[in-house]
Amino acid sequence: MRSSLSARSTNVALLLSLIIFTLIPFFGIVATALQPRGKAPSGFSIPLHPALGNFAEAWSQASILPLIGSSTLIVLGVVPVALLLSALAGFGLAQPGLPGGSFLGLLFVAGLTIPAEALISPLYYQVQAMGLLDSRWAIILPLIALYMPFGVFWMRTHFLSIPEELSEAARVDGASTFRTFVSIQLPLARSAISALLILFFLWTWNQFLLAIVLVNDPLKRTVAGALGAFQGQYGTDIVLLCAGALLIIAPSLIVFFIFQRQFVGALLQGSSK
Amino acid sequence: MTAVTSPETSEAGAPGTRRPRARGRNRGLNWNALLWVLPALVAYAFFDLYPLTQTIRYSFYNWDGIGAATSAGFGNYVAVFTNPEQFASILHAFVLIFFFTVIPVGLGLVVAAIIRDQKAGPFATFTKTVLFLPQVLPLAAAGLIWTWIFSPNGMLNGFLRAVGLGSLAQDWLGGFHTALPAVGIIGSWVSLGFCTVLLLAGIGKIDGSLYEAVRLDGANRIQEFFAITLPGLRSEIIVASTVTTIAALSSFDVIYISTSGGPGYATTVPGLEIYRLTFVSQQVGSASALAVVLSILILAIVLPLQRLGKQS
């Protein structure tokens, strides 16, 4: 009886209204971005003569390409190292007989609840003392550290789920721990690592607080951080602001649509840890 | 990068202590395993644990970030609860829990309970993808988009005028009474899809025969919801609440972009207040005390939630 036609159509109607609520802001900003420039748009009028030129204008004015390049550099600096350190430490923490293992485990877990805001002032002075303020390192180095609690915890959970007999068998064959790690454990950890990669990528690309505090030049920030300066620069020109914002979020949306299944999976899994 | 090679070179001692199926104590201490943890631990200690100790230290000083610091005792902590602006930021964070957590989890539950068994297929995949969009977007972008929607000439007012409710049109983010709820709605928008998908996934795992059993006992849909759905979704509800509550208490991006805490300090939150105190008014001590209070608040809410989750 649950699959009756009326029940089915209620479901679809319910989901459709949720979908519309989620998408309306996007429609709004697309419609605005296509308005002719110069006149202040109001409401949600559908542009009759879409001004596609706005995007070209925003592309050069908001220096979208350098911004994406900067974010990419930061992602390349953070994600591989953070993945490597997480995998190594997660493996180490899953080893039997690790001295102080439960204390170390707790120490990392404790970091899960510390908000970045609680660290931001000392981080500023620390990065300043290192002479790294206003460089991408100011975002890269602290971010790697901030990801450790989650990454280590995530990888440790994975390695604990692998039966110990596997490593034992390899060891009997004379393989070193390192050899076992590289040729047996890492291939088995592929899905855990790729989910972590997606999360680290998203968190880095969308990082805002560290970017606006530690780096003054918007062109050296993450894409999200650059949005912080965006409003001040183009605040009066709403059409250009919308076009620029769309261009700036486009790359993450494209990556999301290509890997949507992996993204949804990673975000769902990631939250329940 | 030496991290990769160091565990291998230190392997020498391990084989002698090997014994089959020996977890933990039988095998003796495995000091080599520490080397694997070391690189992560060093990074974590240097840019996470050390700054945390500094925040705690600063919180007992009056310091402008440049000159000499003077001892403040617990003065900065007293200020957190007596300074109207700082205290308001904490109250606002709790108001935001309603919008970031209660509304999305509540609505998500209703939707999940009505839909219950969603057929896998292209429509289900499409729904999931769309509902997840706000999760992928930078929060700053969500703030920017909604700022425009709420602006005097924005989409919301345009809609109100179009349906003849033009008298309700106003500057939503600029009004003292509307700004905080408006900012809250942005948070609801961000988490609603995530909570719904999470709860839908959970409800699909509940054994269908349980529903048939209570049906046979004559339960209506409301009773069914409280008897089967709610207990069955316990762990998903806890996960969704934990994630969104942390997001509410430590919110920063959306507020920084949409209102910067204004009008006045009507929408300021602890994160923004910490930023403002440190980098605008150079009161690093006060900012640090607020940071410590915020961290304790988050712990005080997350730990009991996690314990609830463990009991099931």
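Here the protein sequences line up with chains A and B, keeping their order. Numbering-wise, the first sequence is residues 1 to 273 according to our numbering. Numbering-wise, the second sequence is residues 1001 to 1312 according to our numbering. The C-beta atom is built at its ideal place from N, Cα and C for all residues, glycine as well.
By the 10 Å Cβ neighbour count, where 16 or more other Cβ atoms means buried, how is residue i classified, buried or exposed?
| i | result |
| --- | --- |
| Q1283 of chain B | buried |
| H1177 of chain B | exposed |
| A12 of chain A | The residue you asked about is not Ala; residue 12 of chain A is Val in the sequence shown. Exposed, by the Cβ-count rule. |
| Q1223 of chain B | exposed |
| G1166 of chain B | exposed |
| G1067 of chain B | exposed |
| N1157 of chain B | buried |
| V75 of chain A | buried |
| R1276 of chain B | buried |
| G174 of chain A | exposed |
| L1187 of chain B | For the record, residue 1187 of chain B in the displayed sequence is Gly; it is not Leu. Burial call: buried. |
| S1295 of chain B | buried |
| G151 of chain A | buried |
To the nearest whole angstrom, what separates the beta carbons of residue i and residue j, a pair I think is in contact under 8 Å?
| i | j | result |
| --- | --- | --- |
| P115 of chain A | S1209 of chain B | Incorrect: roughly 44 Å between the Cβ atoms, too far for contact. |
| G244 of chain A | A62 of chain A | 4 Å |
| A1113 of chain B | A145 of chain A | Actually they are not in contact, since the Cβ atoms of A1113 of chain B and A145 of chain A sit about 42 Å apart, beyond 8 Å. |
| T1242 of chain B | V1302 of chain B | 6 Å |
| L1133 of chain B | A118 of chain A | Their Cβ separation, rounded to whole angstroms, is 30 Å, which puts L1133 of chain B and A118 of chain A out of contact at 8 Å. |
| G92 of chain A | W1036 of chain B | 3 Å |
| S167 of chain A | T180 of chain A | 5 Å |
| F108 of chain A | P142 of chain A | That belief does not hold up - the Cβ atoms of F108 of chain A and P142 of chain A are roughly 16 Å apart, past 8 Å. |
| P122 of chain A | Q1054 of chain B | 4 Å |
| I120 of chain A | L186 of chain A | I120 of chain A to L186 of chain A, Cβ: 35 Å. No contact. |
| L1109 of chain B | L1199 of chain B | 6 Å |
| A1333 of chain B | L268 of chain A | Since the first residue of chain B shown is 1001 and the last is 1312, residue 1333 of chain B is not available in this structure. |
| L98 of chain A | L1034 of chain B | 7 Å |
Using only CA atoms, which one of the options lies nearest to residue i?
| i | options | result |
| --- | --- | --- |
| P1138 of chain B | A:L14, A:W205 and A:R37 | A:W205 |
| P66 of chain A | A:L214, A:A7, A:Q95 and A:R221 | A:R221 |
| K1119 of chain B | A:S9, A:Q231 and A:A250 | A:S9 |
| D1207 of chain B | B:V1105, B:L1299 and B:R1116 | B:R1116 |
| F1081 of chain B | B:I1296, B:F1159 and B:L1290 | B:L1290 |
| I1097 of chain B | B:T1245, B:A1227 and B:L1272 | B:T1245 |
| G1065 of chain B | A:L23, A:L104 and A:Y124 | A:Y124 |
| R1057 of chain B | B:Q1306, B:S1286 and B:V1280 | B:S1286 |
| F263 of chain A | A:F201, A:A31, A:S60 and A:V79 | A:F201 |
| L1049 of chain B | A:P99, A:G100 and A:L112 | A:L112 |
| A1093 of chain B | B:G1309, B:L1180 and B:Y1275 | B:L1180 |
| L214 of chain A | A:R190, A:V127 and A:G101 | A:V127 |
| L1107 of chain B | A:L14, A:R261 and A:L240 | A:L14 |
| G1309 of chain B | B:L1233, B:A1141 and B:Q1086 | B:L1233 |
| I1185 of chain B | B:G1143, B:R1276, B:A1169 and B:K1205 | B:G1143 |
| F55 of chain A | A:A250, A:G270, A:L240 and A:F257 | A:L240 |
| P50 of chain A | A:A33, A:G101 and A:W59 | A:A33 |
| I1145 of chain B | A:G270, A:L5, A:F26 and A:Q269 | A:F26 |
| V1214 of chain B | B:I1228, B:R1276 and B:K1205 | B:I1228 |
| I1090 of chain B | B:S1281, B:R1307 and B:I1274 | B:I1274 |
| L23 of chain A | B:V1280, B:Q1135 and B:L1034 | B:Q1135 |
| I238 of chain A | B:P1152, B:A1069, B:R1221 and B:A1079 | B:P1152 |
Whose C-beta lies closer than 7 Å to the C-beta of residue i among residues of the same chain, with five residues either side of it excluded?
| i | result |
| --- | --- |
| A266 of chain A | A195, I198 and L199 |
| L1230 of chain B | none |
| A7 of chain A | none |
| L1297 of chain B | L1249 |
| I29 of chain A | C242, A245 and L246 |
| T1267 of chain B | H1092, A1179, L1180, V1183, I1255, T1259 and G1261 |
| V223 of chain A | L67, I68, S71, W205 and I248 |
| R1025 of chain B | With a pLDDT of only 43 at R1025 of chain B, under 50, the local geometry of the prediction cannot be trusted, and the value read off the model is given with reservation. Answer for R1025 of chain B: no residue qualifies. |
| A1140 of chain B | D1253 and I1257 |
| W1148 of chain B | G1154 |
| P251 of chain A | I68 |
Whose C-beta lies closer than 6 Å to the C-beta of residue i among residues of the same chain, with five residues either side of it excluded?
| i | result |
| --- | --- |
| A1182 of chain B | F1150, W1172 and L1173 |
| I212 of chain A | G225 and G228 |
| T177 of chain A | none |
| A192 of chain A | H158 |
| L256 of chain A | This sequence places Phe at residue 256 of chain A; Leu is not what is there. Cβ neighbours of F256 of chain A beyond the five flanking positions: F263. |
Whose C-beta lies closer than 8 Å to the C-beta of residue i among residues of the same chain, with five residues either side of it excluded?
| i | result |
| --- | --- |
| E164 of chain A | P96 |
| L73 of chain A | R136 |
| Y147 of chain A | V78, A82, S86, F200 and W203 |
Measuring only from the beta carbon, is residue i closer than 7 Å to any heavy atom that is part of the ligand ADP?
| i | result |
| --- | --- |
| R1221 of chain B | The ligand content of the structure shown is nil, which means the ligand ADP is not present either. |
Check whether the stretch 86–93 of chain A and the stretch 152–161 of chain A are in contact - that is, three or more C-beta pairs closer than 8 Å. yes
Counting pairs of beta carbons, one from the stretch 1230–1240 of chain B and one from the stretch 1260–1267 of chain B, are three or more of them closer than 8 Å? no
How about the stretch 1098–1112 of chain B and the stretch 1184–1200 of chain B: do they share at least three Cβ pairs that are nearer than 8 Å? yes
At least three beta-carbon pairs within less than 8 Å, the stretch 1124–1132 of chain B to the stretch 10–23 of chain A: yes
Below 8 Å, how does it come out for the stretch 1069–1077 of chain B and the stretch 128–142 of chain A: are there three or more Cβ pairs, yes or no? no
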